Amino acid sequence: QKEVEQNSGPLSVPEGAIASLNCTYSDRGSQSFFWYRQYSGKSPELIMSIYSNGDKEDGRFTAQLNKASQYVSLLIRDSQPSDSATYLCAVLMNRDDKIIFGKGTRLHILP
Amino acid sequence: EPEVTQTPSHQVTQMGQEVILRCVPISNHLYFYWYRQILGQKVEFLVSFYNNEISEKSEIFDDQFSVERPDGSNFTLKIRSTKLEDSAMYFCASSASGTYNEQFFGPGTRLTVL
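In order, the protein sequence lines correspond to chains A and B.
Note that our numbering has the first sequence beginning at 28, numbered continuously upward.
Note that our numbering has the second sequence beginning at -14, numbered continuously upward.
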């Protein structure tokens, strides 16, 4: 079982719509979860962190965490062409204090 | 806004040569990390460093790799004898207080081993 799984995409979403990105993880004891955005050829840029079950909102971004289902998601409202990037889910593994990244989901916002 | 910086942006080396990648973490951060990303693949953890010691390291971080904080601002990754498969982007990151805390990444160094 892969430690952090994401659908690789590409996920195509019309401009102005909601983009929904999903991630599952294997370590049930994990407590810290992060979403990063990575433009091609650039470094990961932190978007959100989430530690508790439920929703966390920051501007157009909402992170959702369900520890029972080992599932974390990122919603992007009012999607803009500049949101086109790869979104990386990162999970702090409880067993060994390392952050494991998923392979990322490529998001394409259609103008 | 404070940021992590890395030098050089691109390093080309011959197989078997030693390379040192340099990073200046955010000034009040205490935890430092190195990651690598082979082209088209996921970001992989290499090592975490706190209080002048390695906290955690991955299987990738073998005896060919070492890290050092030579002074109050720099954090370095040394690869002693580079292999072709070491070609990748190497990212430095830092966090204020532990791996549970948000990590901020530098722009990366692209290492090309010929």
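Heads up, the beta-carbon is just placed ideally off N, CA and C, and yes, glycines get one too.
Since this is a predicted model, take the numbers as computed values, not measurements.
Alpha-carbon spacing of residue i relative to residue j, whole angstroms
i: N13 (chain B); j: A81 (chain B); result: 7 Å
i: F17 (chain B); j: K83 (chain A); result: 26 Å
i: N36 (chain B); j: L15 (chain B); result: 7 Å
i: E(-14) (chain B); j: F90 (chain B); result: 13 Å
i: A173 (chain A); j: G83 (chain B); result: The shown model of chain A, from 28 to 138, leaves out residue 173 (chain A), and the question about it has no answer.
i: Q58 (chain A); j: L119 (chain A); result: 7 Å
i: T97 (chain B); j: S76 (chain A); result: 32 Å
i: R87 (chain A); j: L134 (chain A); result: 15 Å
i: S66 (chain B); j: L101 (chain A); result: 41 Å
i: E3 (chain B); j: K63 (chain B); result: 7 Å
i: S33 (chain B); j: Y63 (chain A); result: 19 Å
Buried versus exposed call for residue i [16 or more other C-beta atoms within 10 Å across all chains shown]
i: Q(-1) (chain B); result: exposed
i: G25 (chain B); result: exposed
i: T94 (chain B); result: buried
i: G81 (chain A); result: exposed
i: Y37 (chain A); result: Strictly speaking, residue 37 (chain A) in this sequence is Pro, with Tyr absent from that position. By the neighbour-count rule (16 or more Cβ atoms within 10 Å), P37 (chain A) is not buried but exposed.
i: D105 (chain A); result: exposed
i: D71 (chain B); result: buried
i: V40 (chain A); result: buried
i: A112 (chain A); result: buried
i: I103 (chain A); result: buried
i: Y75 (chain B); result: buried
i: V52 (chain B); result: buried
Local conformation of residue i per DSSP, three classes
i: D110 (chain A); result: helix
i: E70 (chain B); result: helix
i: R133 (chain A); result: strand
i: R55 (chain A); result: coil
i: K69 (chain A); result: coil
i: T84 (chain B); result: coil
i: Q(-9) (chain B); result: strand
Supposed close pair residue i, residue j - CB separation, criterion 8 Å
i: V28 (chain B); j: Y20 (chain B); result: 5 Å
i: F60 (chain A); j: L92 (chain A); result: 6 Å
i: T132 (chain A); j: S35 (chain A); result: 6 Å
Whole beta strand (DSSP E) runs in the stretch -11 to 37 of chain B with 3 or more residues, listed along the chain? -10 to -8, -5 to -2, 4 to 9, 16 to 22 and 29 to 35
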